[in-house]
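Beneath this line is the structure, given in structure tokens, with notes to follow.
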Amino acid sequence: MADQHSSASTDFHNILGLAKGSSIRDVCKVYKSLVMRWNPDKHSSSNKVEAESKYKTINDAYEALKDKKLVDENGVHDSDSIRGGSVRSRSRREDPMTPKGAFFKHFRADSNGGSPTSLSKSSSRRSHTPQPSRPKSLLKTLSRRSTTPTPSSNRPDSLSKSMSRRSASTTPIMFSCSSVRAKLPPVEKTLECTLEELCHGCVKKIEVTRDVLTDNGVMVQEEEVLRIKVKPGWKKGTKITFDGMGSEKPGAMTADIIFVIDEKRHQLFKREGDDLILAMEISLVKALTGCTIPIPLLGGEKMSISFTDVVIYPGYKKIIQGQGMPMPKDPTRRGDLRIKFHIVFPTELTEEQRSDMFNLLNECS
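Mapped onto this note's numbering, the consecutive letters of the sequence shown carry residue numbers -17 to 347.
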């Protein structure tokens, strides 16, 4: 019988990819990784059957090794209690692949390096087969360890010795290993860019702080530097998503971080789609008699435009093709620069000037 039990234990270790002498902490750590990897909800229909089979096998191996190692670490060796443990009773529990059965898997991680242990009471109440109780010698051993009633003494008797010695300054973290985990809502942040940055492209480095769950079950804050390559032509409202880079939370999928592009106000230009709008003031005499004006471009350059053969009237617009913003779908093409003129009229005229202007303009009408 001993050989058969040793062989079965070795098979369970092989299923989880563990050495035979691995601790319960190692078992739980590997188990958490495997159930996330083989969660059927994360697999396509083509290999979902394989995922369901492996998911069930991993759960069976974990239940068997967890119960065996809890008994071994507390100095009690009762092969009957191990064989009558979770592996045998699992056949009559709720199927962990169903939404109802997905909630019977819960374990706690000790912040001081303690071993995660099963804390699911609701699942045992749903079981049609009574769960085998702990050996009396184990209960006596645990009761002798605590001389003063503490909150830890009210925990399930399957807790290890290190769990009963938890420091009051640490906060226990509950993990849910159910097959269905809700994803935390995304965190949105604004990323301001100048028109020059959106025109020519740039690289932005943003430092974010997020909550991260350690292997010991302790929530800590971690700083990350995220790198965003801003592409030419991006517009206000463009979203950049970093999958799973938000804060973590026990029993839930990690949130995403979404950066939303916003345009900083420019002192000269205004953007409308792929075009740039430039407002320029011009005196009445230049508007009527013609002139050559240096036109500023985005980026600091200037372009001289001659208006000697036209009259600049209120509402007149000058369009310079290819001097607007790059087009996101084809950055080699650019929008236009549209120039709007604001004509500055004189605030006062002498009677002689009025008469001259009247005679001159009257001939043009």
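Even for Gly, the Cβ is constructed at its ideal location relative to N, Cα and C.
(request) Please work out which residues of its chain come closer than 7 Å, Cβ to Cβ, to Lys231, disregarding the five sequence neighbours upstream and downstream, and give them in chain order. (result) Spatial neighbours of Lys231 in its own chain (CB-CB distance under 7 Å, excluding positions within 5 residues in sequence) are listed in chain order as Leu166.
(request) Tell me whether the beta-carbon of Asp(-7) lies closer than 9 Å to the beta-carbon of Leu0. (result) Cβ distance not < 9 Å, so Asp(-7) and Leu0 don't count as in contact.
(request) Under 7 Å Cβ to Cβ from Pro328, same chain only, skipping five residues before and after it: list those, please. (result) Leu266
(request) Note down, in chain order, each residue of its chain lying with its Cβ closer than 6 Å to the Cβ of Asp238, except the 5 sequence neighbours on either side. (result) Pro168, Thr223, Asp225, Gly228
(message) Please report the straight-line C-alpha distance between Glu178 and Glu254, rounded to a whole angstrom.
(response) When rounded, the distance between both Cα atoms is 15 Å.
(request) Kindly indicate which residue of Lys50, Lys186, Tyr298 has the alpha-carbon position closest to the one of Leu208. (result) Lys186
(request) Return no unless some Cβ of chain B is closer than 9 Å to the Cβ of Ala1. (result) This model lacks chain B altogether; it includes just one protein chain.
(message) Give me, in chain order, the residues of the same chain whose beta-carbon lies closer than 7 Å to that of Lys349; leave out the 5 immediate sequence neighbours on both sides.
(response) As shown, the chain starts at -17 and ends at 347. That puts residue 349 outside it, with no answer to give.
(request) Classify Ser128 as buried or exposed, calling it buried when 16 or more other Cβ atoms lie within 10 Å of its own Cβ. (result) For Ser128, the pLDDT reaches just 39, beneath the cut-off of 50, and the residue's location in the model is therefore unreliable, although a value from the coordinates is still provided. The residue is exposed, with fewer than 16 neighbouring Cβ atoms inside 10 Å.
(message) With distance defined between alpha-carbon atoms, name the residue in Val326, Pro296, Val17 nearest to Ile40.
(response) Ile40 has its Cα closest to that of Val17, out of Val326, Pro296, Val17.
(message) Relative to the C-alpha of Arg234, which candidate in Val194, Thr220, Pro296 has its C-alpha closest?
(response) Note that residue 234 corresponds to Ala in the displayed sequence, not to Arg. The shortest Cα separation from Ala234 among Val194, Thr220, Pro296 belongs to Val194.
(request) Could you pull out every residue in the same chain whose Cβ sits closer than 6 Å to the Cβ of Gly272, ignoring the five residues on either side in sequence? (result) Phe289, Thr290
(message) Looking only at its chain, what residues have a beta carbon closer than 7 Å to the beta carbon of Leu270, apart from the 5 residues adjacent to it on each side?
(response) Val293
(message) Using 9 Å as the threshold, is the C-beta distance between Pro310 and Lys217 below it?
(response) yes
(request) Within the same chain, show all residues whose beta-carbon is closer than 6 Å to that of Pro350, passing over the 5 residues directly before and after it, in chain order. (result) The question about residue 350 has no answer, for the chain in this structure spans -17 to 347.
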